[in-house]
Amino acid sequence: MAAIDIAGVSTTYPNGVRAVDGLDLRVADGELFALLGPSGCGKTTLLRTIAGLEPAAEGSVTIGSRDVTRLPPGARGVAMVFQDYALFPHMTVAENVGYPLRVRRAPREVQRSTAERVASGLSLSELLDRRPGQLSGGQQQRAALARALAVEADVLLLDEPLSNLDARLRLEARTFLKRLQHDLGLTTVFVTHDQAEALALADRIAVMEAGRVRQLGTPREVFQRPSDTFVANFIGSTPMNLLDAVVRDGHVECAGARLARVPHLASGTGVIVGVRPEYLRVDEHGITGRVSIVENLGVTSLVTLECAGGALVSLTVPEQDEPALGRSMAVTAAPGRLLLYAAEDGRLLD
Ligand code: ATP
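Residue numbers (full-length UniProt numbering): 1 to 350.
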């Protein structure tokens, strides 16, 4: 078991792209940690830098008590599963899983017995003699995980581990991965661009943008209190409402309604009101608008209101309370659910 310490790490590609930019991060021993962010934000590069597949141009990577910054991948005690599983197509599952041990010249019986033990833990015993081409996507993913686990590493690094699975298999694999990681207590870092996956799986999440961490926190913290409008926009299956507002006489005025009291802010200050669609309630004193779109989400419906000045406000309502198009509605945030961001730089105001 091992914590991972990333201190002031920058990773630069030969073409000059600084994909990881002076980043600090500590992943605790036994933690399931997500690197989340939009395409190109540097998640994979950071993972590869931890693995030693990309050299850190600056800073240090420590795993457990060892500074591994200058060590080659094989000496770092990490196992990595890539997005495409990278199973060898001409080898059986047993040979694939035993491969890392073969490279280390472990005896044949040890290779086979380790493969059997890990495969049994991953419900792959029946499939040991098949080749990757004879497996489903989910089985291939489990085989790749089994191979990573056969290395008996301190740290498991996963790049988009569930990306090739359909919705149902993805849910199954998610539960499986979480249980396995918990049972093994293996320090695990996984990369995803899927915020729902990060929220569901991770103990903590680093939301990245342009090679840096924008917010670090538990799924609840990142969901409930995004530290800026970038994170607010990125997290949540239905995007957070972010509405232009202004302070007048100690109140936030937004789309013709008086919302929160803000005695500490000067009149004329520009703010952005942030409130999730799930936290808006019907209230005649709130923001008024006409129902312009209704989308069925299953148990709930997402209703979009067109408000004064053209602002669009979304809220979820129970499916049976779906309003008619064109109807006028007024809404306000549930207590404690309204967030205020600075208009000039989008940071969360207390
Ligand atoms: P995605 O979700 O699309 O995989 P990511 O967040 O994992 O994205 P990276 O793959 O780490 O992002 O890429 C970060 C930046 O580095 C991007 O601007 C990308 O174009 C650049 N980059 C990645 N690999 C290389 C490379 N081998 N050479 C040059 N630039 C690269």
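Here a beta-carbon is modelled for each residue, glycine too, at the ideal position from N, C-alpha and C.
**Prompt:** Expressed to the nearest angstrom, what Euclidean distance is found between the alpha-carbon atoms of Y99 and G59?
**Reply:** Rounded to whole angstroms, Y99 to G59 spans 33 Å at the Cα level.
**Prompt:** Between R276 and G37, is the Cβ-Cβ spacing less than 9 Å?
**Reply:** The Cβ-Cβ distance between R276 and G37 does not fall below 9 Å.
**Message:** At a threshold of 8 Å, does V189 count as lining the ligand ATP (C-beta to nearest heavy atom)?
**Reply:** Not so, every heavy atom of the ligand ATP lies at least 8 Å from the Cβ.
**Request:** Spatial neighbours of S227 within its chain, please: CB distance less than 6 Å, with the 5 preceding and 5 following residues excluded, ordered by chain position.
**Result:** The beta carbon of S227 is closer than 6 Å to those of Q215 and L348 in its chain, skipping five residues each way along the sequence.
**Prompt:** Would you report the Cα separation of L339 and E295, rounded to the nearest angstrom?
**Reply:** For L339 and E295, the gap between their C-alpha atoms comes out near 25 Å.
**Prompt:** Closest to S120 by CA distance: which of P107, L101 and R147 is it?
**Reply:** The shortest CA-to-CA distance from S120 to any of P107, L101 and R147 is the one to R147.
**Boundaries of the beta strand (DSSP E) in which P318 is found, first to last residue** = It spans L312 to P318 - the beta strand (DSSP E) in which P318 sits, taken as one unbroken run.
**Message:** Can you tell me whether H264 is helix, strand or coil according to DSSP?
**Reply:** Secondary structure of H264 (DSSP, three-state): coil.
**Item:** Residue burial classification, G274 (beta-carbon count within 10 angstroms, cutoff 16)
**Value:** Label assigned to G274: buried.
**Request:** Name the one or two DSSP bridge partners that Y341 has.
**Result:** Note: Y341 sits in a beta bridge opposite I272 and L348.
**Asked** Based on Cα-Cα distance, which residue from T316, G133 and L47 lies nearest to A86?
**Response** Of the listed residues, the one whose Cα sits closest to A86 is G133.
**Message:** Below 8 Å, is the gap between the Cβ of V17 and the nearest heavy atom of the ligand ATP?
**Reply:** Correct: V17 has its Cβ closer than 8 Å to the ligand ATP.
**Asked** Which same chain residues, not among the five before or five after L186, have their C-beta less than 6 Å away from its C-beta?
**Response** Within the same chain, L186 has close Cβ partners L156.
**Message:** Under 8 Å: does the beta carbon of L53 sit that close to some heavy atom of the ligand ATP?
**Reply:** It does not: the Cβ of L53 is nowhere closer than 8 Å to a heavy atom of the ligand ATP.
**Asked** For G326, which residues from the same chain have a beta carbon less than 7 Å from its beta carbon, with the 5 sequence-adjacent residues on both sides left out?
**Response** Once the five neighbours on either side are set aside, the close Cβ partners of G326 are R290 and V291.
**Asked** Mind checking whether the beta-carbon of L161 lies closer than 8 Å to any heavy atom of the ligand ATP?
**Response** In the sequence on display, residue 161 carries Pro and not Leu. Flag unset: Cβ of P161 not near the ligand ATP.
**Request:** Tell me whether L46 counts as near the ligand ATP, meaning its Cβ is closer than 8 Å to at least one heavy atom of that ligand.
**Result:** True, at least one ligand heavy atom lies under 8 Å from that Cβ.
**Message:** Closer than 8 Å is the cut-off here; do at least three beta carbon pairs connect the region 30-45 with the region 183-203?
**Reply:** Two segments are said to touch when three or more pairs of C-beta atoms, one from each, lie closer than 8 Å; by this definition the region 30-45 touches the region 183-203.
**Prompt:** Where does H193 fall in DSSP's three states?
**Reply:** Coil.
**Request:** Give a single yes or no on whether K178 has its beta carbon closer than 8 Å to a heavy atom of the ligand ATP.
**Result:** The beta carbon of K178 sits no closer than 8 Å to any heavy atom of the ligand ATP.
**D129, DSSP secondary structure in three states** = DSSP places D129 outside both helix and strand once states are collapsed to three, so it counts as coil.
**Distance, L180 Cα to A167 Cα** = Rounded to whole angstroms, A167 and L180 show a C-alpha spacing of 20 Å.
**Request:** Determine, using beta carbons only, whether I272 and T332 come nearer to each other than 9 Å.
**Result:** For I272 and T332, no; Cβs fall outside 9 Å.
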